[in-house]
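Asker: For what it's worth, full-length UniProt numbering labels the leading residue of the sequence shown as 1, then goes sequentially. Even for Gly, the Cβ is constructed at its ideal location relative to N, Cα and C. The structure that follows is given in the form of structure tokens.
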Amino acid sequence: MGQVHHLIEKCIIFKMSKEECMEALSKHANIKPVITSTVWKELEKENKEFFEAYAESQSKGRQDRMSEEETSQMIHKLISDDDPSSSKDTPNT
């Protein structure tokens, strides 16, 4: 669940809605939407004021959003960066 929490935080940084986050994590990290939704709900309970303000900012308009393709590429990169098996520091033997 820690990884899902971390990835949700990344989605929030990119101003993604809960639904967009669920879709992105399902597509790029093979995380079932129900898991993302459950962790998101827990985060909402723990950080009620933040999520109220976040929901309000989401509803005001989203002129500074990245395109779907840019978002997809960014999520893929973030997931790859978080995957220890894809480390660039691993020496070739």
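Considering only the alpha carbon of each residue, which of 75, 54 and 59 lies closest to residue 24?
Answerer: Residue 24 sits at position 24 when you count from the first residue of the sequence shown. Looking at the Cα atoms, 75 is the closest of the given residues.
Asker: Please report the Cβ distance between residue 8 and residue 40, rounded to the nearest whole angstrom; I am assuming they are in contact, meaning their Cβ atoms lie under 8 Å.
Answerer: For the purposes of this step, residue 8 is identified with residue 8 of the sequence shown, where counting begins at 1. For the purposes of this step, residue 40 is identified with residue 40 of the sequence shown, where counting begins at 1. Contact flag correct, Cβ pair sits at about 6 Å.
Asker: Using 8 Å as the threshold, is the C-beta distance between residue 16 and residue 33 below it?
Answerer: Here residue 16 corresponds to residue number 16 of the sequence shown, with the count starting at 1. Here residue 33 corresponds to residue number 33 of the sequence shown, with the count starting at 1. Not in contact: residue 16 and residue 33 (Cβ atoms no closer than 8 Å).
Asker: If you scan the segment 22-55 from start to end, which runs of the alpha helix (DSSP H) of 4 or more residues do you find wholly inside it?
Answerer: 33-46
Asker: What three-state label does DSSP hand residue 10 in the structure shown?
Answerer: Translated into positions along the sequence shown, residue 10 becomes position 10. It is helical.
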